[in-house]
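**Student:**
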Amino acid sequence: MTDRTPVLVLGLGNVVCTDDGAGIAAIHKLLREYDMPAGVLALDGGTLGLSLLPLVDSADQVILVDAIKADGPPGTQVRIEGDEVAPAVYERLSPHQIGVADLLAGASLLDRYPDRVVVIGVVPESIELGVERTPAVEASIPELVERVVEELTAMGYPPVRSSEKRDESHGSAAHVARTLGV
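Here it is as structure tokens:
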């Protein structure tokens, strides 16, 4: 790809593994409640892993929204940037995070690693099979969305609160897969 994306926001996770779906829940809430400014592409990347490489390697800045293994009780907000990103995604929380590590390593090998990668997430309580998030993590989703909005605003790309509900299928993993031809 020759066209650059100034900021890529990817919600990551597996919605059938309880709290591992926090990043997906947050990205859908973000897309429902906010209009993204020009230069920002926000998508549900699900567990697509290396299939997301064309998006990541064409982005100047990337925000990954995910459940993150870290200190603190479930629902604790986490922000990781710079040299801390690689160890955070290599420490496996769930099967899709190996895909995240591979994704970032692939961008690096292609010498197209984004100028800036920020991981914004929440500490999970459970990643067992289940479609509902635990109460602590579910309660943290609005704050997770606000932290993404704050990060985008600090980058110079402030989202605008939407006046109407957005079509959730636009940012879905299926939409990304169709866009990438997978």
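First residue of the sequence shown? That's 17 in the numbering used here, and the numbers climb one at a time after it.
For glycine and all other residues, C-beta sits at the position ideal for the given N, C-alpha and C.
As the structure is a computational prediction, the values presented were derived from the model and not from experiment.
With DSSP run on the structure shown, which of helix, strand or coil describes Arg48?
**Tutor:** By 1-based counting over the sequence shown, the position of residue 48 is 32. DSSP places Arg48 in helix when its eight states are reduced to three.
**Student:** On the premise that Leu168 lies in contact with Val78, defined as a C-beta separation below 8 angstroms, what is that separation, rounded to the nearest angstrom?
**Tutor:** The residue given as residue 78 occupies position 62 in the sequence shown. The residue given as residue 168 occupies position 152 in the sequence shown. Contact doesn't hold; Cβ gap of about 12 angstroms is too wide.
**Student:** So what's Arg177 in DSSP terms, helix, strand or just coil?
**Tutor:** Here the question's residue 177 lines up with position 161 in the sequence shown. In the structure shown, Arg177 sits in a strand (DSSP, three-state: E or B).
**Student:** Within 8 angstroms, do at least three Cβ pairs link the segment 29 to 37 to the segment 123 to 136?
**Tutor:** They do not touch, by the three-pair rule.
**Student:** Please work out which residues of its chain come closer than 8 angstroms, Cβ to Cβ, to Glu148, disregarding the five sequence neighbours upstream and downstream, and give them in chain order.
**Tutor:** Looking up residue 148 in the sequence shown gives position 132. Excluding residues within five positions, the ones whose Cβ falls inside 8 angstroms are Thr34 and Glu154.
**Student:** Scan the segment 125 to 152 and note each continuous beta strand (DSSP E) run of 3 residues or more that stays entirely inside, going in chain order.
**Tutor:** With a minimum length of 3 residues, the continuous beta strand (DSSP E) runs that stay inside the segment 125 to 152 are 132 to 138.
**Student:** Secondary structure at Leu22, three-state DSSP: helix, strand or coil?
**Tutor:** On the sequence shown, position 6 is the one that residue 22 refers to. Correcting the residue type first, residue 22 is Pro in the shown sequence and not Leu. In the structure shown, Pro22 sits in a strand (DSSP, three-state: E or B).
**Student:** Give a yes or no on whether the C-beta atoms belonging to Val25 and Val164 are separated by under 9 angstroms.
**Tutor:** The count along the sequence shown starts at 1 and reaches residue 25 at position 9. The count along the sequence shown starts at 1 and reaches residue 164 at position 148. Yes.
**Student:** In the DSSP output, what is Asp76 paired with across the bridge?
**Tutor:** Along the sequence shown, one-based indexing puts residue 76 at 60. None, per the DSSP bridge assignment.
**Student:** Helix, strand or coil for Ile40? Go by DSSP, reduced to three states.
**Tutor:** In the sequence shown, residue 40 corresponds to position 24, counting from 1. Helix, per DSSP.
**Student:** For my contact list, Ala199 and Leu160 are in at a C-beta cut-off of 8 angstroms; report their separation, rounded to the angstrom.
**Tutor:** Because the chain here runs from 17 to 198, residue 199 falls outside it and cannot be looked at.
**Student:** On the CB-based measure, 16 or more other CB atoms within 10 Å of its CB, does Ala54 come out buried or exposed?
**Tutor:** The residue given as residue 54 occupies position 38 in the sequence shown. Exposed: under 16 other Cβ atoms inside 10 Å.
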